[in-house]
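Numbering (my numbering), first residue to last: 79 to 571.
Below is one structure, written out as structure tokens; comments come after it.
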């Protein structure tokens with residue numbers, strides 16, 4: 079008898095090219111089987127109610143917390159990011175899991191609604207019911223925090239989850255599912271399928287109730303196309319080109335530190351990372367000096383004390399190299415860093431100035447440890463330039479007098495004032511963008527509702543004096559209803 083060997087692929091350490099692990103390439107049939115197995119598990123999980131799910135998610139949160147260092151090592155091995163950065167995203171994911179579990183009943187439980195005058199005999203309510211099985215397709219840059227923004231909230235809402243992690247971080251996905259199975263060993267409430275684009279496409283066609291995807295706009299369009307045939311709804315977070323604005327009255331030390339951390343942490347591989355900085359002309363030179371000093375002091379490498387790790391996805395190096403080379407060719411200057419050599423696995427923190435606004439370094443997502451810094455005459459010009467992009471994920475404003483005003487004028491789903499990317503760490507706030515950055519929201523009450531369907535229920539309390547939903551309705555009733563509506567809504571103003 080011949081045994082057919084399943085196809086596999088290797089996960090590599092991006093700094094050393096060492097094999098971290100070997101994982102199966104799940105076929106379309108295997109993905110469908112996982113979703114089929116998840117359906118009865120979803121019914122069981124939903125049947126536990128809010129209290130039952132809370133108790134089990136709290137236990138899972140405990141597992142994640144006690145073994146966070148182990149998970150951080152897996153993240154470090156597969157992405158190359160420093161242990162401190164890995165721990166930060168794990169801690170945030172734990173906090174979000176706790177919030178989702180504890181607030182699910184409050185957000186999704188039954189709520190009374192006003193029935194209005196015409197339907198005053200009805201008791202009206204709305205409740206949010208689980209969708210069933212949710213498919214999550216996650217990224218490699220934050221392989222714990224980002225997908226957990228969908229996984230934890232979908233689970234808290236009463237759904238089962240089938241998770242397809244990035245092919246660059248399959249071990250992280252497997253670790254998360256295995257840790258959940260320690261709490262729920264007998265029901266496949268949370269499963270992982272691994273592979274490449276074809277596996278993700280199979281998940282889209284598998285009959286899941288919804289797909290939550292994080293990645294590039296190009297892949298997001300493919301996800302939508304794959305889901306269109308079955309009218310499977312999608313939630314898409316598709317990256318950004320986030321701007322940081324510095325007004326004349328800003329705390330320059332804090333603004334410079336925020337710009338460099340926001341632009342260079344995780345080697346710049348952050349969807350909500352700072353990529354463009356617009357600085358009031360009165361403080362431009364001082365800001366550039368402070369930011370350059372901080373960027374120039376960062377240690378790059380894979381060692382334990384490194385602050386900036388390698389670029390995880392090999393193809394991203396080419397994009398970063400092209401953006402920097404183009405910016406320099408157009409007359410831009412690198413006050414820190416510079417060109418990226420062929421074969422490099424690392425990119426030195428790079429601060430670019432005098433880069434034209436139509437350059438790819440300003441227009442396209444770079445996803446590397448680079449920022450462009452541009453002088454503006456005032457904040458009106460800064461807002462105009464910041465909003466002149468198809469993206470609209472996050473943004474940052476440093477200003478004393480006009481911070482909130484400027485934040486509201488930025489075309490973005492999230493904005494931080496006098497801090498950077500802080501909105502991602504607040505579990506009660508929705509996370510998501512507009513335009514090329516996608517649609518839908520994770521986190522917060524909005525995130526819980528993304529993974530539930532609103533159901534309206536009316537219950538008749540007594541027989542209405544004016545019954546309209548019957549063929550026995552008389553012309554007299556029609557006239558009385560018309561008169562009532564006129565009295566209520568027909569006043570001249």
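C-beta: ideal position from N, C-alpha, C; glycine also.
As the structure is a prediction and not an experimental result, all values here were calculated from the model.
{"Asked": "Which word fits residue 571, buried or exposed, when buried means at least 16 other C-beta atoms lie within 10 angstroms of its C-beta?", "Found": "exposed"}
{"Asked": "Kindly indicate the opening and closing residues of the alpha helix (DSSP H) around residue 152.", "Found": "146-157"}
{"Asked": "Leaving out the 5 sequence neighbours to the left and right, which residues in its chain are closer than 8 Å to residue 153 when beta-carbon positions are compared?", "Found": "159, 164, 167, 168, 221, 222, 247, 250"}
{"Asked": "Can you tell me which residues form a DSSP beta bridge with residue 535?", "Found": "203"}
{"Asked": "Just to check my reading of the structure: residue 522 and residue 505 have Cβ atoms closer than 8 Å, yes? What is that Cβ distance to the nearest angstrom?", "Found": "7 Å"}
{"Asked": "Just how far apart, CA to CA, sit residue 174 and residue 227?", "Found": "7 Å"}
{"Asked": "From 422, 456, 463, 143, pick the residue whose C-alpha is nearest to that of residue 433; which is it?", "Found": "463"}
{"Asked": "By DSSP's criteria, residue 358 is part of a beta bridge. Which residues make up the other side?", "Found": "454"}
{"Asked": "Have a look at the DSSP bridge pairing and note the partners of residue 269.", "Found": "240"}
{"Asked": "In the structure shown, what three-state DSSP assignment does residue 229 receive?", "Found": "helix"}
{"Asked": "Quick one: what's residue 222 bridged to in DSSP?", "Found": "Paired residue(s): none; residue 222 is not in a bridge."}
{"Asked": "What span of residues does the beta strand (DSSP E) with residue 257 cover, start to end?", "Found": "Looking at the DSSP string, residue 257 is not in any beta strand (DSSP E); the run it does join, the alpha helix (DSSP H), is 248-261."}
{"Asked": "Ordered along the chain, which non-local residues of its own chain (more than five positions away) have a Cβ less than 7 Å from that of residue 516?", "Found": "298, 314, 315, 316, 510"}
{"Asked": "Identify which residue in 424, 225, 409 has its Cα closest to the Cα of residue 439.", "Found": "409"}
{"Asked": "Which residues in the same chain as residue 524 place their Cβ atom closer than 6 Å to its Cβ, once the five residues preceding and following it in sequence are excluded?", "Found": "508"}
{"Asked": "Please classify residue 208: is it buried, with 16 or more other beta-carbons within 10 angstroms of its beta-carbon, or exposed?", "Found": "buried"}
{"Asked": "Taking only the alpha-carbon atoms, compute the straight-line gap between residue 326 and residue 518 and give it to the nearest angstrom.", "Found": "35 Å"}
{"Asked": "What number of angstroms, rounded off, separates the C-alpha of residue 97 from the C-alpha of residue 241?", "Found": "22 Å"}
{"Asked": "Just to confirm the assignment: which complete beta strand (DSSP E) runs, minimum length 3, are found wholly within the segment 164-218?", "Found": "189-191, 200-208, 211-215"}
{"Asked": "Does the segment 384-398 come close enough to the segment 416-426 that 3 or more CB-CB pairs lie under 8 Å?", "Found": "yes"}
{"Asked": "If contact is defined by three or more beta carbon pairs under 8 Å, each pair taking one atom from either stretch, is the segment 534-542 in contact with the segment 187-199?", "Found": "yes"}
{"Asked": "Roughly how many angstroms lie between the CA atoms of residue 176 and residue 398, to the nearest whole one?", "Found": "37 Å"}
{"Asked": "What separation, rounded to the nearest whole angstrom, lies between the Cα atoms of residue 458 and residue 321?", "Found": "14 Å"}
{"Asked": "Anyone know if the C-beta pair for residue 211 and residue 290 falls short of 8 Å?", "Found": "no"}
{"Asked": "With DSSP as the reference, please indicate the residues paired to residue 320 in a beta bridge.", "Found": "352"}
{"Asked": "Let me check understanding here. Comparing Cα to Cα, which of 186, 206, 218, 126 lies closest to residue 90?", "Found": "218"}
{"Asked": "Contact defined as beta carbons within less than 8 Å: I believe residue 323 pairs with residue 460. What is the distance between those atoms, to the nearest angstrom?", "Found": "5 Å"}
{"Asked": "Per DSSP, what kind of secondary structure is residue 570 in: helix, strand or coil?", "Found": "coil"}
{"Asked": "Assign residue 471 to one of two classes, buried (16 or more other C-beta atoms within 10 Å of its C-beta) or exposed (fewer than that).", "Found": "buried"}
{"Asked": "Which residues in the same chain as residue 552 place their Cβ atom closer than 6 Å to its Cβ, once the five residues preceding and following it in sequence are excluded?", "Found": "none"}
{"Asked": "Mind checking which residues open and close the alpha helix (DSSP H) that includes residue 542?", "Found": "Careful: residue 542 lies outside any alpha helix (DSSP H) and carries neither H nor E."}
{"Asked": "Who are residue 386's beta bridge partners in DSSP?", "Found": "378"}
{"Asked": "Can you tell which of 559, 392, 278 has the C-alpha that lies nearest to the C-alpha of residue 104?", "Found": "278"}
{"Asked": "What's the call for residue 359, buried or exposed, on a 16-neighbour Cβ count within 10 Å?", "Found": "exposed"}
{"Asked": "Using DSSP's beta-bridge definition, name the partner residues of residue 411.", "Found": "431"}
{"Asked": "Between the Cα of residue 256 and those of 270, 140, 143, spot the shortest distance and give me the residue it belongs to.", "Found": "270"}
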